[in-house]
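Shown next, in structure tokens, is the structure this report addresses.
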Amino acid sequence: PLSVASAWAQSYRINIRNEDGEEESYFMKVVSHGDHGMKALHGEFESTAAIHAIVGDFTPKRIAWGSFKSIPNAHYYIRRFYELAEELPKPTEFCRKFASLHSKSEAPDFN
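The opening position of the sequence shown corresponds to residue 4 in the numbering used here, with each subsequent residue numbered one higher.
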């Protein structure tokens, strides 16, 4: 895996070959800040799911999140890996997706 460090997390790109022999890439973020880190990754996991459900190609598909059994207070979040483009997105396409996200979304029910 390729790793990139930030102030509070480690990020990894994981490349695999699936059962059909095709290459796939995943992004994994790991934090080791106990309960605070776990809640942050769970929030990222759920918000990514909500965005993906409304505008599927606006954010990568989430895969999993959880805590490592063998590393106390360490937690992970995994999603599909997308290569970032060097150029800016086309304004009309980006704005269409952004508008769709805001017009189709609903406030969460916290009850």
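All C-beta atoms in this analysis are idealised placements derived from N, C-alpha and C, irrespective of residue type, glycine included.
Extent of the continuous alpha helix (DSSP H) to which His45 belongs
Position 42 of the sequence shown, counted from the first residue, corresponds to residue 45. His45 -> alpha helix (DSSP H) spans Gly37 to Ile57.
Report yes if the CB atom of Ile74 is closer than 8 Å to the CB atom of Tyr29, and no otherwise.
Here residue 74 corresponds to residue number 71 of the sequence shown, with the count starting at 1. Here residue 29 corresponds to residue number 26 of the sequence shown, with the count starting at 1. The criterion of a C-beta distance shorter than 8 Å is not satisfied by Ile74 and Tyr29.
With a CB to CB cut of under 6 Å and the five nearest residues on each side skipped, what residues in its chain are close to Phe48?
Here residue 48 refers to the residue found at position 45 when the sequence shown is read from its first residue. Correct list, in chain order: Arg65, Trp68 and Tyr80.
To the nearest angstrom, report how far apart Met2 and Phe84 are at their CA atoms.
With the chain running from 4 to 114 in the structure shown, residue 2 is simply not present.
Let me know the secondary structure DSSP gives Ala115 once reduced to three states.
Since the first residue of the chain shown is 4 and the last is 114, residue 115 is not available in this structure.
Can you name, in chain order, every residue of its own chain whose Cβ lies under 7 Å from the Cβ of Phe61, other than the five neighbours on each side?
In the sequence shown, the residue the question calls residue 61 occupies position 58. A distance below 7 Å between beta-carbons, with the five flanking residues on each side excluded, links Phe61 to the following residues of its chain, in chain order: Ile54, Lys100 and Leu104.
Per DSSP, Gly69 is paired with what?
Numbered from its first residue, the sequence shown carries residue 69 at position 66. According to DSSP, Gly69 bridges with Tyr79.
What does DSSP give as the partner residue(s) for Arg20 in the beta ladder?
If you number the sequence shown from 1, residue 20 lands on position 17. Answer by DSSP bridge pairing, in chain order: Glu26.
C-alpha gap between Tyr15 and Val33, whole angstroms
Stepping through the sequence shown from its first residue, residue 15 is reached at position 12. Stepping through the sequence shown from its first residue, residue 33 is reached at position 30. Going by the C-alpha atoms only, they are around 8 Å apart.
From His36 to Ser9, what does the alpha carbon distance come to, in whole angstroms?
The count along the sequence shown starts at 1 and reaches residue 36 at position 33. The count along the sequence shown starts at 1 and reaches residue 9 at position 6. Spanning the two alpha carbons is a distance of roughly 13 Å.
Close Cβ partners of His45 (< 7 Å) along its chain, the five nearest in sequence each way excluded
Translated into positions along the sequence shown, residue 45 becomes position 42. So the qualifying residues of the chain are Trp68.
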